[in-house]
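One structure is given below, encoded as structure tokens.
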Amino acid sequence: MDCIFCKIINKEIPSKIIYEDEKILIFNDINPEAPVHFLVIPKEHIESAKKISPENKDIISYIFIKIAEITKKLNLKNGFRIVNNCGTDGGQTVNHIHFHVLGSRKLSWPPG
Ligand code: AMP
Ligand code: ZN
Numbered sequence: 002m003d004c005i006f007c008k009i010i011n012k013e014i015p016s017k018i019i020y021e022d023e024k025i026l027i028f029n030d031i032n033p034e035a036p037v038h039f040l041v042i043p044k045e046h047i048e049s050a051k052k053i054s055p056e057n058k059d060i061i062s063y064i065f066i067k068i069a070e071i072t073k074k075l076n077l078k079n080g081f082r083i084v085n086n087c088g089t090d091g092g093q094t095v096n097h098i099h100f101h102v103l104g105s106r107k108l109s110w111p112p113g
């Protein structure tokens, strides 16, 4: 499958890995928008948030538990932002579901 994030999971493309287990991979975004900017992806290829279903829902809560653990380890005690871009209007450019985690600076709101 021609999916850049599956290639990162399979180590066909290098990445700066922060955390990995049998279910998920967390790695630094190549084009960071904040001092901390990493991506959390399931190893299972799920195209986007549109494809979250009763069959695959557990990985989503698992991802959020890991985000809570890792942001605590990184001492992001003032907070952080979790972003999921979905589809063309949502600005999704890689069609493998991913959650951006941004932190270590004050982020503006709303997004453009
Ligand atoms: P999105 O626009 O929400 O689909 O986000 C895709 C993100 O993947 C962007 O923030 C890119 O900078 C990031 N990205 C694309 N290719 C790579 C790569 N090889 N390694 C790390 N991050 C990447
Ligand atoms: Zn994929």
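Each number in my numbering corresponds to the 1-based position in the sequence shown with 1 added.
We treat Cβ as the ideally placed atom computed from N, Cα and C, and that holds for glycine.
All values reported here derive from a predicted model rather than from experimental measurement.
Helix, strand or coil at residue i according to DSSP, with G and I counted as helix
i      : result
GLY104 : strand
ILE25  : strand
ILE18  : strand
ILE10  : helix
ILE1   : Residue numbering for the chain in the displayed model covers 2 to 113; residue 1 lies beyond these limits and cannot be assessed.
Start and end residues, beta strand (DSSP E) containing residue i
i     : result
GLU70 : Here GLU70 belongs to no beta strand (DSSP E); instead the alpha helix (DSSP H) covers 58–74.
Sequence-distant residues of its chain with Cβ nearer than 6 Å to residue i (five each side left out)
i    : result
ILE1 : What is shown of the chain runs 2 to 113, which leaves residue 1 out entirely.
ILE9 : SER16
First and last residue of the uninterrupted alpha helix (DSSP H) at residue i
i     : result
ILE83 : Note, ILE83: premise wrong, no alpha helix (DSSP H); beta strand (DSSP E) at 81–84.
Among the options, nearest to residue i - alpha-carbon criterion
i     : options                      : result
GLU45 : THR89, TRP110, HIS99, SER109 : HIS99
ILE71 : PHE39, PRO33, LEU108, THR89  : PHE39
Cutoff 8 Å; reference residue i; Cβ partners in own chain excluding five residues on either side
i    : result
ILE5 : ILE14, VAL95, HIS97
Nonlocal neighbours in the same chain, by C-beta distance under 7 Å from residue i, ignoring five residues either side
i     : result
SER49 : CYS87, GLY88, GLN93, ASN96, ILE98
ASN79 : none
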